[in-house]
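Enquirer: Residue numbers (the numbering used here): 44 to 184. Even glycine gets a Cβ: it sits at the ideal position worked out from N, Cα and C. The following block contains the structure, expressed as structure tokens.
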């Protein structure tokens, strides 16, 4: 069974017709039926923001989606401390700014205990290096 990790940007695009990736997200959505959908909790925090909660159709649909049997919500507990430190180090020392959520996703992608086959993200540059090292296929624009 394939495991598909999904970045927050996909959800934004899927539920917002004005998003420039809306059509691509609709096409990719079909792909979610081929395996387990892995959603990191930090992506939920980003996705289910105040603006999204006003999108009644999107919110209802997303609620149904995350309760499917092939959806796994990934706890970030073991990554949080390291991710926080790496976020500051990456931005301040290395001059490569990543959001805290993206750092957590990068750590999950790098974690060999997690079997991940695909990443869906519309920001491939943020993840291409770690995906290449683990032979994780990027599904992007």
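Could you check what DSSP says for residue 161 in three-state terms: helix, strand or coil?
Expert: Taking the chain shown and counting its residues from 1, the one referred to as residue 161 is at position 118. Strand.
Enquirer: In whole angstroms, what separates the C-alpha of residue 158 from that of residue 61?
Expert: Stepping through the chain shown from its first residue, residue 158 is reached at position 115. Stepping through the chain shown from its first residue, residue 61 is reached at position 18. The alpha-carbon atoms of residue 158 and residue 61 are separated by roughly 33 Å.
Enquirer: Whole angstroms is fine: what's the gap from residue 101's alpha carbon to residue 146's?
Expert: If you number the chain shown from 1, residue 101 lands on position 58. If you number the chain shown from 1, residue 146 lands on position 103. Computed Cα separation, rounded: 26 Å.
Enquirer: Return the chain-ordered list of same chain residues with a C-beta closer than 8 Å to the C-beta of residue 139, the five sequence neighbours on each side being excluded.
Expert: Taking the first residue of the chain shown as position 1, residue 139 is located at position 96. The residues are 133.
Enquirer: Consult DSSP for residue 180 and reduce its assignment to one of helix, strand or coil.
Expert: As a position in the chain shown, residue 180 is number 137, starting the count at 1. It is a strand residue.
Enquirer: Comparing alpha-carbon positions, which option in 96, 53, 77 and 137 lies nearest residue 69?
Expert: To locate residue 69, count along the chain shown from 1; it is residue 26. Comparing Cα-Cα distances from residue 69 to each of 96, 53, 77 and 137, the minimum goes to 53.
Enquirer: Residue 177 to residue 113, Cα distance in whole Å?
Expert: As a first step, residue 177 must be located in the chain shown, where it is residue number 134. As a first step, residue 113 must be located in the chain shown, where it is residue number 70. If you take the alpha carbons of residue 177 and residue 113, they lie about 22 Å apart.
Enquirer: In the DSSP assignment, find the beta strand (DSSP E) that holds residue 83 and state where it starts and stops.
Expert: Taking the first residue of the chain shown as position 1, residue 83 is located at position 40. That run of the beta strand (DSSP E) goes 78 to 83.
Enquirer: Is the beta carbon of residue 162 closer than 9 Å to that of residue 48?
Expert: Taking the first residue of the chain shown as position 1, residue 48 is located at position 5. Taking the first residue of the chain shown as position 1, residue 162 is located at position 119. Cβ distance < 9 Å, so residue 48 and residue 162 count as in contact.
Enquirer: Pull up the CB-CB distance for residue 109 and residue 116, whole angstroms please, since I reckon it's below 8 Å.
Expert: As a first step, residue 109 must be located in the chain shown, where it is residue number 66. As a first step, residue 116 must be located in the chain shown, where it is residue number 73. Right, their Cβ atoms sit about 7 Å apart.
Enquirer: Determine the closest residue to residue 55 out of 46, 180 and 165, with distance taken between C-alpha atoms.
Expert: As a position in the chain shown, residue 55 is number 12, starting the count at 1. Residue 55 has its Cα closest to that of 165, out of 46, 180 and 165.
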